[in-house]
Amino acid sequence: MVNGRNRVTALLASGALLIGGAGYAASRKAPADPARAIHETLIVLDTHFDTPANLGRPGWSIMDRHATATDGDQVDYPRMVQGGVDGGFFAIYTPSGPRTPVGDRAARDFGIQRAVQIREMVARHSDVFALALTADDAAKAVAAHKRFVFLSMENGYPFEGDLTLMRTFRGLGVTMMGLVHFKNNDLADSATDTPEWHGLSPKGKEAVAEANKLGVVLDVSHASDDVLRQTVMLSSAPIILSHSGMRAIHNHPRNVSDEDAKLVAAKGGVIQINAYSGYMVDPPAASAARDAAMKELMAGYEKADTMSVAERRALIARRKAIETQFPAPRANFDMFMQHLLHAIKVVGIDHVGISGDFDGGGGLDGLEDITAYPKVTAALLKAGYSPADIGKIWGGNALRVLRAAQSLADPASLPKVPVTN
Numbered sequence: 050m051v052n053g054r055n056r057v058t059a060l061l062a063s064g065a066l067l068i069g070g071a072g073y074a075a076s077r078k079a080p081a082d083p084a085r086a087i088h089e090t091l092i093v094l095d096t097h098f099d100t101p102a103n104l105g106r107p108g109w110s111i112m113d114r115h116a117t118a119t120d121g122d123q124v125d126y127p128r129m130v131q132g133g134v135d136g137g138f139f140a141i142y143t144p145s146g147p148r149t150p151v152g153d154r155a156a157r158d159f160g161i162q163r164a165v166q167i168r169e170m171v172a173r174h175s176d177v178f179a180l181a182l183t184a185d186d187a188a189k190a191v192a193a194h195k196r197f198v199f200l201s202m203e204n205g206y207p208f209e210g211d212l213t214l215m216r217t218f219r220g221l222g223v224t225m226m227g228l229v230h231f232k233n234n235d236l237a238d239s240a241t242d243t244p245e246w247h248g249l250s251p252k253g254k255e256a257v258a259e260a261n262k263l264g265v266v267l268d269v270s271h272a273s274d275d276v277l278r279q280t281v282m283l284s285s286a287p288i289i290l291s292h293s294g295m296r297a298i299h300n301h302p303r304n305v306s307d308e309d310a311k312l313v314a315a316k317g318g319v320i321q322i323n324a325y326s327g328y329m330v331d332p333p334a335a336s337a338a339r340d341a342a343m344k345e346l347m348a349g350y351e352k353a354d355t356m357s358v359a360e361r362r363a364l365i366a367r368r369k370a371i372e373t374q375f376p377a378p379r380a381n382f383d384m385f386m387q388h389l390l391h392a393i394k395v396v397g398i399d400h401v402g403i404s405g406d407f408d409g410g411g412g413l414d415g416l417e418d419i420t421a422y423p424k425v426t427a428a429l430l431k432a433g434y435s436p437a438d439i440g441k442i443w444g445g446n447a448l449r450v451l452r453a454a455q456s457l458a459d460p461a462s463l464p465k466v467p468v469t470n
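For the sequence shown, counting from 1, position 179 maps to 228 in the numbering used here; every step adds exactly one.
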């Protein structure tokens with residue numbers, strides 16, 4: 050049997066895209082479960098981890114195993130190993146705030162601090178993590194039996210006041226950027242806000258061009274339909290929806306229509322299917338008591354970055370008590386698969402991927418954290434897809450989009466990114 054490292058080296062040398070059957074598991078003991086054995090041969094990546102929000106919490110370490118039921122956390126190194134997850138895009142999520150010079154500076158500083166925290170996490174645990182700046186870096190990390198870490202940005206708020214900051218964040222290692230989040234900003238309209246720009250603002254259109262120059266993948270999850278269509282039209286590179294669902298399965302503005310999904314695919318892009326229950330089932334009937342309790346609870350999450358483990362667990366317990374008192378419908382694994390299989394049917398196997406939106410509100414019955422990811426592989430095998438097809442879904446498609454975006458970059462615009470692995 051070919052050694053995993055040698056197999057990856059050969060693939061890189063030949064320019065082949067590393068997807069299913071990469072040989073990574075060659076040096077591992079084969080699992081008894083055939084589906085799990087196949088899962089272990091694939092590069093498994095998630096395009097949207099909100100886990101960096103935990104990095105500043107006192108006493109929290111990605112090397113510790115946490116429990117979703119008590120801690121609320123869904124991603125850590127032990128569970129990456131258990132779930133056969135090789136890496137992913139770790140998001141610099143910046144909450145929307147005042148669209149003022151003061152607000153823009155605060156967002157800039159917050160974004161830079163979060164990027165540094167992610168890089169420090171990788172450097173501190175360089176025996177098991179590796180910073181990834183290119184698709185090839187992901188393959189090299191897998192060959193070295195490390196988990197790769199890409200940096201992404203959710204919300205362009207940190208650079209909306211000064212687009213030259215896009216180059217700064219690229220220099221920190223960011224390879225994917227979403228321009229907007231739940232609220233409109235100076236760059237674009239949100240899917241969940243009242244139209245202001247009717248798509249991209251003039252500055253937002255400049256941001257698309259700048260991302261192309263920098264070889265940064267543009268992420269239109271959270272963006273309005275008009276933003277998606279305009280970005281597809283203006284971008285010279287394929288784009289991605291890093292964590293979204295299919296509107297034909299559940300009608301929610303955060304999900305993408307079949308028509309818009311086809312536009313993304315026609316440009317070479319990818320739709321990464323989300324595991325966010327709120328985008329898969331209708332909300333419960335209105336309840337003033339429940340809304341008041343949840344509003345009070347959510348105020349506590351504003352200090353999530355600085356919570357101790359005990360404080361975090363107390364907050365999670367309060368949330369569970371509210372959910373028990375006011376039960377609401379919750380999506381399940383079968384619903385997730387409906388979105389995934391529909392997306393494949395609509396745009397084809399080359400344009401679909403997966404993200405749980407874990408540590409950012411994602412999770413549903415049967416898919417609570419990343420340890421459940423082998424179930425997806427098993428379900429896809431049962432649905433008749435080959436290991437090569439599943440390899441595209443789990444990592445090949447997203448890495449292809451990254452490779453395409455970076456191939457179109459302007460070398461003169463690229464900052465040097467220091468690597469400390």
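No residue lacks a Cβ here, since even glycine has one placed at the ideal position from N, Cα and C.
Taking 8 Å as the upper bound for CB-CB distance, L451 and M329 are not in contact here, some 27 Å apart. Secondary structure remark: continuous alpha helix (DSSP H) runs of at least 4 residues inside the stretch 293–349, in chain order: 307–315. Excluding the 5 residues flanking it on each side, N446 has same chain C-beta neighbours closer than 7 Å at V319, D399, H400, V401 and G402, in chain order. The continuous stretches of alpha helix (DSSP H) do not include F98, which lies in the beta strand (DSSP E) extending over residues L94 to F98.
If only uninterrupted beta strand (DSSP E) runs of at least 3 residues are considered, none is enclosed by the stretch 412–470. DSSP lists no beta-bridge partner residue for E245. DSSP links E203 through a beta bridge to Y142 and G227. In the structure shown, G402 falls within a strand segment according to DSSP collapsed to helix, strand and coil. Going by beta carbons, L94 and I439 fall outside the 8 Å limit. D268 is bridged by DSSP to G227 and I289. The Cβ-Cβ distance between G411 and N323 falls below 8 Å. The stretch 360–375 makes contact with the stretch 338–347: 3 or more CB pairs, one atom from each, lie closer than 8 Å. The stretch 145–161 and the stretch 115–131 do not touch, with fewer than 3 CB-CB distances between them shorter than 8 Å. Across the structure, G405 and H97 are spaced so that their CA atoms are roughly 7 Å apart.
Secondary structure at A179: strand, using DSSP grouped into helix, strand and coil. For N261, the enclosing alpha helix (DSSP H) begins and ends at P251 to L263. At a Cβ-Cβ threshold of 8 Å, I111 and D125 count as neighbours. According to the DSSP assignment, M129 belongs to the alpha helix (DSSP H) that extends over Y126 to Q131. Sorting D235, I419, L448 and L263 by C-alpha distance to the C-alpha of P251 places D235 at the top. Non-local C-beta neighbours of S201 in its own chain, meaning closer than 6 Å and more than five positions away in sequence, comprise F138, A140 and M225, ordered along the chain.
With a threshold of 16 other beta carbon atoms within 10 Å, D186 meets it and is buried.
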